[in-house]
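Engineer:
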Amino acid sequence: MAQILKNLNQIQQDLALISKQKIRLLAVSKKQSVQNIESAYEAGQTIFGESYLQEAIAKQQQLKHLDIEWHFIGPIQSNKCKLIAENFSWVQSVDRIKIANKLNEALTYKASLNICIQINISNESSKGGVNTKNINELAKQINQLDNLVLRGLMAIPSNTNNNEVLLNEYKNLKMIYENLRNKYSLIDTLSMGMSNDYLLAAQNGSNLVRIGTKIFGER
Ligand SMILES: *Cc1c(COP(=O)(O)O)cnc(C)c1O
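Straight run, no breaks: the sequence shown in this note's numbering ends on number 210.
(1) Can you say whether residue 36 is buried or exposed, counting buried as having 16 or more other CB atoms within 10 angstroms of its CB?
(2) For a test of your reading of the model: does the CB of residue 183 fall under 7 angstroms from any non-hydrogen atom of ligand 1? Yes or no.
(3) Between 72, 208 and 159, which has its C-alpha nearest residue 191's C-alpha?
(4) If we count Cβ pairs, one from each stretch, closer than 8 angstroms, do we get three or more for the stretch 115 to 126 versus the stretch 191 to 205?
(5) Under the three-state reduction of DSSP, which class applies to residue 6: helix, strand or coil?
(6) Give a yes or no on whether the C-beta atoms belonging to residue 19 and residue 53 are separated by under 8 angstroms.
(7) Looking only at its own chain, which residues have a Cβ that is under 7 angstroms from the Cβ of residue 208, when we skip the five neighbours before and after it?
(8) Tell me whether residue 64 counts as near ligand 1, meaning its Cβ is closer than 7 angstroms to at least one heavy atom of that ligand.
(9) Which residue from 74, 32 and 28 puts its Cα closest to that of residue 45?
(10) To the nearest angstrom, how far is the alpha carbon of residue 178 from that of residue 171?
(11) Quick one: give me the first and last residue of the beta strand (DSSP E) that residue 105 is part of.
(12) If you pair each beta-carbon of the stretch 112 to 121 with each one of the stretch 90 to 99, do three or more pairs fall below 8 angstroms?
(13) So is residue 182 buried or exposed if we call it buried at 16+ other beta carbons inside 10 Å?
(14) Please determine, among 113, 88, 137 and 105, the residue with the shortest C-alpha to C-alpha distance to residue 155.
(15) How is the alpha helix (DSSP H) around residue 155 delimited, first residue to last?
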């Protein structure tokens, strides 16, 4: 679809203007059709994110012929870890050690799985993600697991148009990220920014934005 190509080009252009640093664009394809994913792929998009495991696996089956880097970004139940580890190369939504352990155990034959710790930056109880005060402990534990590669942090900021609140959260995330980067050499990913806030996030230290609606339209 021409619209998907247009949207992707627009976003890439915006990101290039904002930052000299390379910002990776993850196309969030949850609830989008296989056809839409193919259109985005034909337009040059190769990194896709999914939130619902069954739906994701069904679509992956149909898209095996494409060289896609799949990221899991949804809530994780511990009994789904094996399937997630087998079907994704990144998991961005790890927020407790039990899940990290299960992902690690599932990877007996595969080299490694890239991990971002999801952090609950707004500290809302309804939200997924580890509490800011527990981040160092979780990072330390994950770093000790042989089959996992700790790559960085992922966060969903407060659902608000109040830039001051958002800027404050980005600033905290960036600080925690830099702190981790000093400790662990393979950390290179700060995943923040979605359709409504990716420009602001990119201006404030994000190097991976996760965009669904702005590429594919409403879900
Ligand atoms: C759905 C989702 C997105 C994309 O949201 P849009 O507003 O459609 O861009 C990004 N990150 C996560 C974790 C999501 O669940």
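Cβ coordinates follow ideal geometry from the N, Cα and C atoms, glycine included.
Structural biologist: In short, the structure shows the following:
(1) Position 45 of the sequence shown, counted from the first residue, corresponds to residue 36. So residue 36 ends up on the buried side.
(2) Working through the sequence shown from its first residue, we reach residue 183 at position 192. Because no heavy atom of ligand 1 lies under 7 angstroms away, the Cβ of residue 183 does not count as near it: no.
(3) The residue given as residue 191 occupies position 200 in the sequence shown. The residue with the shortest Cα to Cα distance from residue 191 is 159.
(4) no
(5) Mapped onto the sequence shown, residue 6 falls at position 15. It is helical.
(6) Along the sequence shown, read from residue 1 onward, the residue named residue 19 stands at position 28. Along the sequence shown, read from residue 1 onward, the residue named residue 53 stands at position 62. Taking 8 angstroms as the Cβ cut-off, residue 19 and residue 53 do not qualify as a contacting pair.
(7) Residue 208 sits at position 217 when you count from the first residue of the sequence shown. Cβ within range, chain order: n/a, list empty.
(8) Looking up residue 64 in the sequence shown gives position 73. A distance criterion of 7 angstroms places the beta-carbon of residue 64 in contact range of ligand 1, judged by its closest non-hydrogen atom.
(9) Mapped onto the sequence shown, residue 45 falls at position 54. Closest in C-alpha terms to residue 45, from the list 74, 32 and 28, comes 74.
(10) For this step, residue 178 is matched to residue 187 along the sequence shown. For this step, residue 171 is matched to residue 180 along the sequence shown. Each residue's Cα considered, the two are about 7 angstroms apart.
(11) Here residue 105 corresponds to residue number 114 of the sequence shown, with the count starting at 1. Here the beta strand (DSSP E) through residue 105 covers 104 to 109.
(12) no
(13) Numbered from its first residue, the sequence shown carries residue 182 at position 191. Residue 182 comes out buried.
(14) Position 164 of the sequence shown, counted from the start, is the residue given in the question as residue 155. The candidate whose alpha carbon is nearest that of residue 155 is 113.
(15) In the sequence shown, counting from the first residue as 1, residue 155 sits at position 164. It spans 154 to 174 - the alpha helix (DSSP H) in which residue 155 sits, taken as one unbroken run.
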